Each structure stands twice: as structure tokens, then as C-alpha cells.
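Participant: Sharing a structure here in C-alpha cells format.
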């Protein structure tokens with residue numbers, strides 16, 4: 011099942027994508043797609059709906075964040091060994107954890123805005139995990155049972171803010187527009203083996219990243235279990251799980267960073283694709 015939200019920012023409506031790739035409205039069946047709709051029983055009720063009974067949404071509306079009500083946007087750094095090498099950083103013995111501001115969440119195809127004065131804005135295609143039921147000190151063998159589904163994340167990063175301004179990484183990770191997610195939330199039964207998904211990213215049509223989730227240092231079950239030792243994971247929380255090599259910071263002989271007018275295309279097998287245009291900073 012592919013769940014989504016569509017419409018103008020702040021006024022999204024719930025929907026799903028049918029087997030023929032048509033967007034269908036769920037507005038008559040529920041108010042929105044949020045934490046309450048991510049529990050197994052709620053997802054089972056949605057899965058029981060025949061998509062043919064739902065109205066087709068005409069045209070090509072904007073896609074928003076596939077879920078609402080997210081309270082935590084958590085991230086794992088350096089989770090692909092070859093990405094750690096290109097970043098000139100040691101392979102971690104435990105997951106590297108940081109947060110992205112919830113305020114940076116946006117739709118999968120919304121414009122990406124360079125922070126004011128930024129010179130080192132970078133890209134990162136990542137597998138996102140959405141929590142469906144409360145997880146607190148869960149065992150690794152039980153961890154995937156707390157997952158409602160998966161989605162594509164572009165973990166945009168301002169490298170100067172992240173690495174050269176002292177302190178933690180967070181200040182370079184949560185800038186406005188730095189959290190495109192979607193296009194849809196794909197439930198686990200449709201994904202299958204989450205540790206064997208191809209992923210890619212292009213800048214201006216040039217392939218920059220190619221990878222597969224099988225090369226993650228810490229898999230999804232390990233990450234969910236690990237995080238649940240330090241904080242309660244709640245329905246609607248999003249965890250983005252790290253990026254394969256090919257980020258701009260690691261390009262040789264010189265780094266490459268995003269500039270106004272660039273276009274980003276990225277995707278993950280079974281989870282869909284995103285496309286963004288980069289714009290200059292502006293007051294919102």
C-alpha cells in the first residue's frame with residue numbers, strides 16, 4: 011500500500027496510489043494520515059478498502075509529506091562504510107545519531123532553498139523509516155514490528171554549518187526545506203526485504219550516488235532497537251538511515267555543492283522518486 015497526502019502546503023488531503031499509478035482520494039474515509047492511522051489495525055482497515063471504490067484525483071496535484079503529526083525527525087550518520095571513507099571519518103562502532111528539525115520537512119518535489127550565505131549545501135539520498143507503534147527498549151528481533159512503512163528522504167546538509175561551526179551536526183541538517191520526504195509511505199508488505207533496495211541520486215542529470223541498502227553498517231532493525239534505548243519512539247516519528255557514497259563533499263578532485271538553478275532527482279527501489287529545483291534564500 012502506498013499512502014500519500016496531496017494538495018497545497020498546509021491543506022493536504024489523504025490519498026493512496028492504486029496499482030495502476032492513479033492517485034485516489036481517501037478524504038471520505040479519514041480526516042488525514044497521521045499517528046493514529048499508522049497503527050497495525052488502522053493500516054489493516056485501509057488495506058481492506060478496494061481502491062476502485064475511491065475517487066480518482068484529477069490532474070497532477072502537489073504531493074506533501076506523506077504523514078502529518080511527526081514529532082521527531084531522527085537521523086543516522088555515516089551508516090555506509092564507503093561514505094564514511096569519502097568523508098574522511100572513521101567507521102562508527104555504534105550508530106551516529108543526530109536530529110533534523112521537524113520544521114524542515116516538506117513534500118518530495120518542493121523547491122530546496124539554499125540557506126542565507128550558504129556555500130556548501132550538499133545532497134544525500136536516504137531510506138526513511140516511519141514508526142507505527144510506540145517503541146521503548148525493544149529487542150532487535152521485534153523492532154520491525156514497530157515500523158509502519160518506508161519512504162525516500164533527501165537529507166540535505168550545509169557542510170560548513172555541520173562541520174566547521176563547532177558543536178553538533180544538527181545546525182547543518184535542519185535548515186528550512188532540508189527534509190523532502192515521500193512521494194508516498196510504502197507499507198512493509200509491499201517493500202519486502204528492506205535491506206536490499208537500490209538507491210540513486212542525480213544532480214542536473216548526472217548520476218552522483220548509486221547504492222543499495224544491503225551495504226548499511228547498521229540495518230533498520232538494529233537502528234530502531236538502538237534508538238529505543240535512548241528515547242521513546244512514537245507513531246509518526248521519522249528515522250532517516252544514512253547515505254551511500256557520492257555526496258558532493260566527497261567528490262574528487264574538488265567537492266561539488268548545490269547552486270541556484272540546480273535540479274535534484276533521487277529515488278529508492280519500490281519507494282518512488284523525488285525531484286527538486288534549488289532556489290536562492292528568501293524570506294518566507
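Residue numbers (the numbering used here): 11 to 294.
The beta-carbon is built from N, C-alpha and C at its ideal position, and this holds for glycine as well.
The structure displayed is predicted, hence computed values, not measured ones.
1. Where does residue 228 sit, in a helix, a strand or coil, going by DSSP?
2. Under a three-way DSSP split, which group does residue 197 fall into?
3. Can you find the residues in the same chain that come closer than 8 Å, C-beta to C-beta, to residue 72, ignoring five residues on each side of it along the sequence?
4. In angstroms, rounded to a whole number, what distance separates the CA positions of residue 266 and residue 292?
5. Could you say which of 173, 183, 187 lies nearest to residue 97 if we only look at CA atoms?
6. Which residues in the same chain as residue 42 place their Cβ atom closer than 6 Å to its Cβ, once the five residues preceding and following it in sequence are excluded?
7. At the level of alpha carbons, what is the spacing between residue 66 and residue 222?
8. In the DSSP assignment, what are the bridge partners of residue 163?
9. Taking residue 13 as the reference, give the member of 287, 282, 288 with the closest Cα.
10. In this structure, what does DSSP give as the bridge partners for residue 171?
11. When DSSP builds the beta bridges, which residues end up paired with residue 222?
12. Among 234, 111, 184, 185, whose alpha-carbon lies nearest the alpha-carbon of residue 156?
13. Please list, in chain order, all residues of the same chain as residue 83 whose beta carbon is under 6 Å from its beta carbon, the five residues on each side excluded.
14. Using only CA atoms, which one of 289, 148, 276, 137 lies nearest to residue 244?
15. Take residue 5 and list the residues in its own chain whose beta-carbon comes closer than 8 Å to its own, dropping the five residues that flank it on each side.
16. My output table needs one value for residue 72: the three-state DSSP class, helix, strand or coil.
17. Hey, how far is the Cα of residue 70 from the Cα of residue 176?
18. What does DSSP give as the partner residues of residue 248 in its beta bridges?
Facilitator: Reading it off the structure:
1. Within the chain shown, residue 228 is the residue found at index 218, counting from 1. The answer is coil: DSSP assigns residue 228 none of H, G, I, E or B.
2. Residue numbering aside, residue 197 sits at position 187 when the chain shown is read from its first letter. In the structure shown, residue 197 sits in coil (DSSP, three-state: anything other than H, G, I, E or B).
3. As a working note, residue 72 is residue 62 in the chain shown. Same-chain partners within the cutoff: 16, 17, 18, 19, 117, 119, 120.
4. For the purposes of this step, residue 266 is taken as residue 256 along the chain shown, with counting starting at 1. For the purposes of this step, residue 292 is taken as residue 282 along the chain shown, with counting starting at 1. Roughly 23 Å separates the two Cα atoms.
5. Position 87 of the chain shown, counted from the first residue, corresponds to residue 97. Residue 97 has its Cα closest to that of 173, out of 173, 183, 187.
6. As a first step, residue 42 is located in the chain shown; it is residue number 32 there, counting from the start. Cβ neighbours of residue 42 beyond the five flanking positions: 24, 78.
7. Numbered from 1 along the chain shown, position 56 holds the residue referred to as residue 66. Numbered from 1 along the chain shown, position 212 holds the residue referred to as residue 222. Residue 66 and residue 222: Cα-Cα distance of roughly 34 Å.
8. As a working mapping, residue 163 is identified with position 153 in the chain shown. 136, 191.
9. Here residue 13 refers to the residue found at position 3 of the chain shown. Measuring from the Cα of residue 13, the nearest candidate turns out to be 282.
10. Residue numbering aside, residue 171 sits at position 161 when the chain shown is read from its first letter. Per DSSP, none; premise fails for residue 171.
11. Residue 222 sits at position 212 when you count from the first residue of the chain shown. Per DSSP, 208.
12. Here residue 156 refers to the residue found at position 146 of the chain shown. Checked all of 234, 111, 184, 185; the closest Cα to residue 156 is 234.
13. Looking up residue 83 in the chain shown gives position 73. Scanning its chain for C-beta atoms nearer than 6 Å, with the 5 sequence neighbours on each side dropped, one finds around residue 83 the residues 110, 112, 248, in chain order.
14. On the chain shown, position 234 is the one that residue 244 refers to. It is 148 whose Cα lies nearest to the Cα of residue 244.
15. Past the boundaries of the shown model lies residue 5; the chain is included only from 11 to 294, so the question cannot be answered.
16. Taking the chain shown and counting its residues from 1, one reaches residue 72 at position 62. Reduced to three states, the DSSP call for residue 72 is coil.
17. If you number the chain shown from 1, residue 70 lands on position 60. If you number the chain shown from 1, residue 176 lands on position 166. The straight-line gap from Cα to Cα measures roughly 43 Å.
18. For the purposes of this step, residue 248 is identified with residue 238 of the chain shown, where counting begins at 1. 83, 140, per the DSSP bridge assignment.
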